[in-house]
Structure formats: C-alpha cells, structure tokens
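In our numbering, the protein residues as written are 55 to 381.
Right, dumping it as structure tokens:
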C-alpha cells in the first residue's frame, strides 16, 4: 500500500511517498481502508519536533512511528478474531493517537481505541477531523468550561477546526456564542449559528463592554492576562495551546482569585474518557447540530502541499487527505 513516511523532524519536505506492506489486523484489531485522513495544526507542530517536550511521546531524535497522521474515516476491510463491535463493510471514523499511521491507504486500530461507527448524516471528509476539532472542543466546553444554557461563551479562532466545532457545540448546549475571526470568515461563523461575530481586524474583543463566562482561545494568541477583564466574576479562560505563560497563569489562578486559566491535553486523556466525549459528539452530529467544515482536500501524494497550507495558519475548518484507493 501507499503511505507517507518520515524518518526525521523538520519542514513538510521530510514526507516521502513509499510502498509499504499492507497491515494485518491482530485478534483485537480492525483493518480500515482509509477514505479520508485529517491534516491538523497539531500534526504540523509535531512534524517539527517542537516544543521539544513533545518528543518524549513521539520520539526523541526521530518519529517513532514513521507513518504520520491520527484522524481517519473509512470502511472496515477485515476484523480480528476477538472483535465484536465491528464487521467488514462498516463505515467508521476515529483518532489513532497511540500509533498514528493514518497518512496511508490502510490502518489497523484496536477495537477499544477511539473508533466509532460513522453517523449516516456525515461524510468521510467531514468525519476525518471530528476527533481533533470536535472532541477537543467538547472537552474544553464541557469539562473545563462546564457549559450550561444561557452562558456567555466567546470563541477566539472561530473559523478553524476547533473553532467551527466549538461554535456549533456551544449553541447545542444553549450558550450565547460570540465568535472571533477574520473578515473573510465572518459570514461562515454567522452561518454556524454564532449570536455575535467579531472581526478581529476591526475590533479587539478584550476592549469591548461585554464580559464572558468562558473564553475559549482555540489558537492561543490572547493570554489570560489579556482576557481577564473580559471575564465575568467567576469566568474561565481556556486554551489548548500550552506555553509557560499559560502554565504560570494556571498555577496562580488555581490559588488566587475567582477567574481561572485552564488547559487540557485532550489526546492524553484516558481512552475511556475520549470515547465518552466521542459518544456525546455523535449524539450532537445525529441531532443535526454539528457539521464538519472542510477547507481543502489533497491527494495522499500531495501531503507536502497540505502541510505547507496548514503551516500558513489561515485554514478554515479542516484539511483532508484522500488516498487514491478511496476514489
């Protein structure tokens, strides 16, 4: 099968298309013919090997898993003898966090990992990025933000993979949603259901007269200090982009003051918790309250172009790879 191989960290040019052996499902695994895989901001950051602390998980001097990619959607080709929840022909999607390998035509995943049946009202392309954007945002809104009907929620980076999911999920839970994005994406964020939209090229949300119960900074470009005055008395600032300033703010705010700074590495949560979040996400999808936004689709062979595009930092929703075997 064709797969994207990398044996070093660096620019997108490290990726090479190669022919490798098609994997075989172990007794507890399912073999999936991939129809779409996601190219996320996290993928591009891990590709560089920075921050260096991440190498403790993905490989110190080079990637321990030569085939990149975690998000996938496809069709079950075969199942191991111990598998009971899936059968050949099932449409599935998920996130192969532990061993990666989704920049390929086929991947094997354990039955008990983050994999689920594909809802009928979503495409492979939409589903490929759902565990990155959807599950991550659900974790931040539900577990960190304790979202409830009537809460005032601001989502910074509302047009990205995390943001487009967050706008829709927050509306599903009955929040009053403000989305922050660039001029070209204002109409999209309105269409996703935001109650208010702020064009950051025209207005600074931290300087307006409104205050929010939760500020979810999906892109990590505004600090807790920036946002403190825009939070309500017991407001929460949360971001998936961890740096020393946020780490310090988390430590200080956990002891002093009512306003809190929070972070969570969703992919590092126990598989049981990620699957719980995924089950909730599927309910939201099946209710018609969450669609996947696909910015661009690339062939597997054009993975370098896909990474270069994501590196620019202006994608809307998700970027997807499609193996030719899925055509």
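Quick reminder that beta carbons are idealized off the backbone N, C-alpha and C, glycines included.
- Shown here for residue 118: same chain residues with a beta carbon closer than 7 angstroms to its own, the five before and five after excluded, namely 112 in chain order.
- For the options 340, 373, 200, 335, the alpha carbon positioned closest to that of residue 316 is the one of 200.
- Separation of residue 361 and residue 98 (C-alpha to C-alpha, rounded to the nearest whole angstrom) is 6 angstroms.
- In this structure, DSSP gives residue 235 an extended state, which the three-state scheme calls strand.
- For residue 214, the closest of 236, 354, 74 by C-alpha to C-alpha distance is 236.
- If you look at residue 209, you'll find it in the beta strand (DSSP E) that goes 206-210.
- Bounds of the beta strand (DSSP E) holding residue 91 are 83-93.
- The alpha-carbon of residue 156 is positioned some 6 angstroms away from that of residue 124.
- In the structure shown, residue 66 falls within a helical segment according to DSSP collapsed to helix, strand and coil.
- For residue 220 against residue 270, the beta-carbon gap comes to about 6 angstroms, under 8 angstroms, which counts as contact.
- Looking from the CA of residue 278, the closest CA among 298, 329, 142 belongs to 298.
- With contacts defined as CB atoms closer than 9 angstroms, residue 121 and residue 57 qualify as a contacting pair.
- Beta-bridge partners of residue 164 (DSSP): 83.
- Of all alpha-carbon atoms in 217, 264, 257, the one lying nearest the alpha-carbon of residue 246 is that of 217.
- Apart from the 5 residues on each side of it in sequence, residue 222 sits with its Cβ closer than 8 angstroms to the Cβ of 246, 247, 338, 343, 344, 345 in its chain, given in chain order.
- The shortest CA-to-CA distance from residue 109 to any of 212, 79, 62 is the one to 62.
- Residue 191 counts as buried, since at least 16 other C-beta atoms from the protein chains shown sit within 10 angstroms of its C-beta.
- The count of Cβ pairs closer than 8 angstroms, one atom from the stretch 295-315 and one from the stretch 138-152, stays below three, leaving the stretches out of contact.
- Exclusion of the five residues before and after residue 170 leaves 146, 147, 148, 329, 332, 333, 336 as the residues of its chain whose Cβ lies within less than 8 angstroms of its Cβ.
- Here the alpha carbon of residue 365 sits roughly 37 angstroms from the alpha carbon of residue 141.
- Ranked by how close their Cα comes to the Cα of residue 134, the residues 290, 267, 163, 378 have 163 in first place.
- For the set 126, 85, 86, 358, the Cα lying nearest the Cα of residue 186 is the one of 126.
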